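S.K.: Structure below; questions to follow.
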Amino acid sequence: MIKRRFTYHSPDSLDEALEALAEHGSDAEVVGGGTWVVPEMTHGARVPAHVVDLRRAGLSGVAESNGGVSIGAMTTYAQLANAPLIAERAGALATMAAGITGGAQVRNQGTLGGSACYATPSSDAPGALVGLDATMNLRSSSGSRSVAAGDFFKGAFEADVGDGEVLESITLPAPPAGVKFGHYKLKLVESSWPIATATAVVGVDGDGKLTAVRISVGGVNTKPYLVDTQELVGSSIDDDAAAAVMTAARAGATDPYSDVLASGEYRQQVSGVVAKRALLAAA
Amino acid sequence: MSDNITLNVTVNGEARSVEIDPRRLLVEAIREELGLPGTHIGCLTGDCGACTVEQDGQIVKSCLALAASAEGSEITTIEGLAESDGELSTLQQAFWDEYGFQCGYCLPGMLFSAKDLLAENSSPNEDEIRHAINGNLCRCTGYDTIVKSIAEAAARTA
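Keeping their order, the protein sequence lines are chains A and B. Under our numbering, the first sequence has 1138 at position 93, and the numbering climbs by one with no breaks. Under our numbering, the second sequence has 108 at position 103, and the numbering climbs by one with no breaks.
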């Protein structure tokens, strides 16, 4: 049993949740799917006096939004993997969600918003969100604000969520014309968290030429980064493009993250091939 | 204790109402307050799958959930998998016949994952079976007999 006593709040709406957080913010922990926060409370790594459980707050679901997609923060990986709108407009997110480690159970429980707020480098979601150019929409009792995913992830275990704030939804822009998605995850054993991930969103015209290229790398630096792909517009997805992506991805690995899974040096080394495989997966 | 809260759930078809400490994990409430110790505590980190139950039709790891969060849910535990007359289900019988377990600790995760798979895919191949059980750890069998058990259950159901 969790050792530290806490008061449990189960708000029926986001407004109710924000009221509770306005009162107890700095002493409160927000629980989404539970897969990160609950075990950390069990093991004493988090000792909140108040727990605000978002289960009933109505933040789950996928909807169309200006040609893109709006995703409730409490949407689970299983919901993402099975949503036709995600497959069509954000295919890399469906691939990411279906590949989450921990089995069908964790994919039924873990939420996209929870994973984003936890911001561990060894996670699938942050890199994919930066690659998909996501906007993170936050609410507090005093207002709302939106932050680009690239700014939301500030470092290892550090997301731009203040006391009293809740991530309400994540919006993805309309994909480019002729979009193709690629997502690649490197892990060395089945039950491992990711060591490095890459997400590619490319637009391809009728001649097979790239009209837009966006590739992110997750897990390598303390926060996800974009690969410099400016020069690839107008070229095809071929060996030269793949080689250019490898070089650019490694050049971006300037703040590599070390943990029990892999050293920063290793992550830096593999960043290139992981990015290349994401691009080729989009071909 | 004055801080206790009431948890109302339907477990294995029976409506239950129990007093719990809000610090209880779902797996702890299932074992202690609801008196169903077939759901096991392994890692308490969501890795091993021994605490797997079905909640509102979806399989979950009950060590990753606060019991309070399950208010109003319908839960099936491993005790609820057998037929109503107490006979083993086809899936359980296949695990029995094919030596799909030794100590049995991982069975909640293995059986519920297999049930989940077979509900979607009545004739899975070996890769699909191995993928379906990848959220569960077994330290006895080396997994081969578990895979055989699930394939056998699929064959018997066909």
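Here a beta-carbon is modelled for each residue, glycine too, at the ideal position from N, C-alpha and C. Note that the coordinates shown come from a computational prediction; the quantities given were computed from them, not determined experimentally.
1) Give me the DSSP bridge partner(s) of A:Met1181.
2) Determine, for B:Cys111, whether the minimum Cβ-Cβ distance to residues of chain A falls below 9 Å.
3) Among A:Pro1221, A:Ser1214, A:Arg1190 and A:Gly1113, which residue has its Cα nearest to the Cα of A:Ser1160?
4) Straight-line CA distance for B:Cys143 to A:Pro1220?
5) Can you tell which of A:Ile1116, A:Ala1257 and A:Thr1165 has the C-alpha that lies nearest to the C-alpha of A:Asp1205?
6) Count the other C-beta atoms from every protein chain shown that fall within 10 angstroms of the C-beta of A:Glu1310, then say buried if there are 16 or more, exposed otherwise.
7) Runs of 4 residues minimum, wholly inside the region 1048-1088 of chain A: which ones carry the alpha helix (DSSP H) assignment?
8) Thinking C-alpha only, which one of B:Glu157, B:Gln60 and B:Lys153 is nearest A:Asn1153?
9) Give the secondary structure of B:Met6 by DSSP, where H, G and I count as helix, E and B as strand, and everything else as coil.
10) Shortest alpha-carbon distance to B:Arg161 belongs to which of B:Thr95, B:Cys56, B:Gly43 and B:Arg36?
11) Comparing the CB of A:Gly1297 with every heavy atom of the ligand ZN, is any distance shorter than 8 Å?
12) Can you list the residues of chain A that B:Glu84 reaches, using a CB-CB cut of under 7 Å?
13) Residues of chain B with CB under 8 Å from A:Tyr1053, in chain order?
14) To test your reading of the DSSP string, which unbroken alpha helix (DSSP H) runs of 4 or more residues are found completely within the region 1249-1306 of chain A?
15) How close, in whole Å, do the beta carbons of A:Gln1150 and B:Ile35 come, if the pair is a contact with beta carbons under 8 Å?
16) Alpha carbon to alpha carbon, how far is A:Ala1293 from A:Ser1189? Give it in angstroms, no decimals.
17) Among A:Val1305, A:Leu1324 and A:Leu1212, which residue has its Cα nearest to the Cα of A:Met1119?
18) Within 9 Å of any Cβ in chain A, is that where the Cβ of B:Ile155 sits?
19) Let me see if you follow: with CB-CB separation under 9 Å, is A:Ala1135 close to chain B or not?
20) Can you pull out the residues from the region 1235-1246 of chain A whose beta carbon lies closer than 8 Å to at least one beta carbon of chain B?
21) Which first and last residues belong to the beta strand (DSSP E) in which A:Asp1098 is found?
M.R.: Let's see:
1) A:Val1192 and A:Ile1215
2) no
3) A:Ser1214
4) 43 Å
5) A:Thr1165
6) exposed
7) 1059-1069 and 1082-1087
8) B:Gln60
9) Any reading at B:Met6 must be qualified, since the residue scores a pLDDT of 43, below 50, and its modelled position is unreliable; no value is offered.
10) B:Thr95
11) Among the ligands in the structure shown, none appear at all, so the ligand ZN cannot be discussed.
12) Under the 7 Å cutoff, chain A gives no residues; its nearest Cβ is about 18 Å from B:Glu84.
13) Ile10, Pro27, Leu71 and Ala73
14) 1284-1297
15) Actually they do not touch by this definition, with Cβ atoms about 15 Å apart.
16) 36 Å
17) A:Leu1212
18) no
19) no
20) Glu1235 and Ser1236
21) His1095 to Asp1098
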